[in-house]
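Just so we're aligned, residue 4 is where the sequence shown starts under the numbering used here, counting upward by one.
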Amino acid sequence: MHADARHPLTSRAPQEVIFHRGRMPVTVERFLAEVATLAARLPPEGPVLNFCTDRYLALAGFAAALSRGQATLLSADRTPQRLAEIARQHGARYALADGEVDLPLPVLQPEAAPGAAAPNPLLPAEAIAAIAFTSGSTGESRPHPKPWGALVAGARAAAARFAVPAGASIVGTIPAQHMYGFETTLMLPLHGAGAGHAGAVFYPSDIAEALADVPAPRLLVTTPLQMRAVLGTGIALPALAGVISATAPLAVSLAAEAEAAWGAPLHEIYGATEAGSVASRRTVADEGWQPYAGMHFAIGPDGAAVTVPGLPAPVPLADDLEWVAEDRFRLLGRRGDMVKLAGKRASLAGLNSLLTAIEGVQDGVFVAPRDLDRNPRARLAAVVVAPGLTPEGVVAALRMCVEPAFLPRPVVMAEALPRDAVGKLRREDLDRLAWSR
């Protein structure tokens, strides 16, 4: 990429609809005017901590900061302690929020205020537009800078892969501050196609109402956990043109159930906070993942890495991959996800799939003790949400499909798992549940 390469804030035409706020469509022309008005109100220096729940205000705040040359700090963890920690460690000068918040720095409440017509700014491709943070599900959360050019390239690649029509409505159930939600519900409208939905969406009834509020064709961007919740309620959804899933492995059985219930193709995204979205598959049709255009994978016995347009260096991946065709790879499992007991190996993700497939189990996860590799007496545990089942019943069901060495001891029954807004679980929370008894 040339050092002087630039990309516009948006590649959409002035009269195209870029967002829906309630039932009100927002055109690109209006969006640019509101961004310019907000940018004029911002402090002179960043970075900014943006945790607006209204997705349109999150986009406007990101765009306004970017137009001022300020990076946005993105964290799906909204706990005051975590936000204050990010602000301190990364020198945030102020925050953008659309609700009450207690932070040790100035907080600005953004507004979608009308203003005079404004130009579509050209922005340096190498400028750090955002800093995303890993979830901390496998350890300490880490920051990952995102150059503007890489974000634009990813959005354009995703729009081409999913053939998102210009008039599509995009309803997302993932916070805009999570990398998956940021790419699909903010960057896709900016540099791909479709119009985002502004409201906060999480519960099954929220999803149905949000989809009903936007015009067809509709694209639902969600997670396996939320799909399972919607299907479990039996709530009917308005007609969908497609569904996109990420953040956790998607069982083929769940994908097939969703496609049958909603009459729309379901595609799964492969990616990581470090690299962004880089590949996809239609889960019911193909075990292999197809890289996005422009993404180049290096896969070997010592690991895998992906070269992403706009990023300065190849990104090492935490998963083991293997090629199954010239343009398809198979996901073998996450490094550190494999456990070995009694001379046998198993994947925690695979065990979790078997656990959640048990009739009556609403949610569940296997937990490996931290001393598994050095303690010959160590065993796996399982935390299970299954009203009506007992630990003995769970073990009996697992005994039909799991090697005896991997049967969990103990099985801890819980009312719910401590998942965050995108369904992730933090290691320390799981340890507390699994071993405290």
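Beta carbons: idealized from backbone N, C-alpha and C, even for Gly.
Remember, predicted model here, so these are calculated numbers, not experimental data.
Item                                                                                                                              : Value
Val309 - DSSP class collapsed to helix/strand/coil                                                                                : strand
Outcome for Ala249 when other beta-carbon atoms lying within 10 angstroms are tallied against a minimum of 16                     : buried
Asn355 (DSSP reduced to helix, strand or coil)                                                                                    : helix
Pair within 8 Å by beta-carbon distance, Ala66 and Ala133                                                                         : no
Inside the stretch 225-275 only - beta strand (DSSP E) runs reaching at least 3 residues                                          : 245-248 and 269-275
Gly170 - partner residues in DSSP beta bridges                                                                                    : In the DSSP output, where bridge partners are listed per residue, Gly170 has none listed.
Own chain partners of Thr56 with C-beta closer than 8 Å, once the 5 adjacent residues on each side are dropped                    : Asp101, Gly102, Pro178 and Ala203
Sequence-distant residues of the same chain with beta carbon closer than 7 Å to Arg159, five excluded per side                    : His194 and Gly195
Any C-beta of chain B under 8 Å from that of Ala215                                                                               : Reference to chain B is not applicable here, since this structure consists of a single protein chain.
Of the listed residues Gly170, Ala263, Leu324 and Val387, nearest to Gly303 (C-alpha basis)                                       : Leu324
Identity of the residue in Gly426, Glu186 and Trp438 nearest Arg231 by Cα                                                         : Gly426
Gly175 beta carbon less than 8 Å from that of Gly279                                                                              : no
Residues bridged to His181 (per DSSP)                                                                                             : None, per the DSSP bridge assignment.
At least 3 beta-carbon pairs within less than 8 Å: the stretch 378-386 vs the stretch 39-54                                       : no
Buried or exposed (CB count within 10 angstroms, at least 16 for buried), Ala307                                                  : buried
Segment limits, alpha helix (DSSP H) that includes His194                                                                         : Leu191 to His194
Identified DSSP bridge partners for Met416                                                                                        : Val387
Nearest-angstrom beta carbon gap, Val368 and Leu433 [assumed within contact, 8 Å]                                                 : 7 Å
Chain-order list of residues whose beta-carbon lies under 8 Å from that of Leu191 (same chain, five-residue window excluded)      : Ala158, Ala161, Ala162, Val167, Ile173, Gly197 and Gly199
Span of the alpha helix (DSSP H) around Glu395                                                                                    : Pro394 to Arg402
Burial state of Asn378, where buried means 16 or more other Cβ atoms lie within 10 Å                                              : exposed
Exposure of Gln229, with buried meaning 16 or more beta-carbon neighbours within 10 Å                                             : buried
Buried/exposed call for Val397, threshold 16 Cβ in 10 Å                                                                           : buried
Contacts around Pro390, its chain only, beta-carbon distance under 7 Å, and the 5 residues preceding and following it disregarded : none
Cβ separation of Val246 and Leu223, assumed to be a contact under 8 Å, to the nearest whole Å                                     : 5 Å
Nearest-angstrom Cβ-Cβ length linking Leu108 and Ala95, presumed shorter than 8 Å                                                 : 6 Å
Neighbourhood of Glu32 by C-beta, 6 Å cutoff - its chain only, sequence neighbours within 5 removed                               : Pro17
With 16 other Cβ atoms within 10 Å as the buried cut-off, status of Trp292                                                        : buried
Beta bridge counterpart(s) of Gln112 as assigned by DSSP                                                                          : The partner list for Gln112 (beta bridge, DSSP) is empty, contrary to what the question assumes.
N-terminal and C-terminal residue of the beta strand (DSSP E) that Asp216 is part of                                              : No beta strand (DSSP E) contains Asp216, which is instead part of the alpha helix (DSSP H) from Pro207 to Asp216.
Asp7 versus Leu125: straight-line alpha-carbon distance, rounded                                                                  : 11 Å
Straight-line gap, Ala288 to Ala282 (C-alpha atoms, nearest Å)                                                                    : 15 Å
Status (buried if at least 16 other CB within 10 Å, exposed otherwise) for Thr359                                                 : buried
Cβ pair Lys76, Pro47 closer than 8 Å                                                                                              : It should be noted that the sequence gives Leu, not Lys, for residue 76. Result no, Cβ atoms of Leu76 and Pro47 do not sit closer than 8 Å.
N- and C-terminal bounds of the beta strand (DSSP E) containing Leu52                                                             : Val51 to Asn53
Per-residue DSSP class, three states only, for Thr40                                                                              : helix
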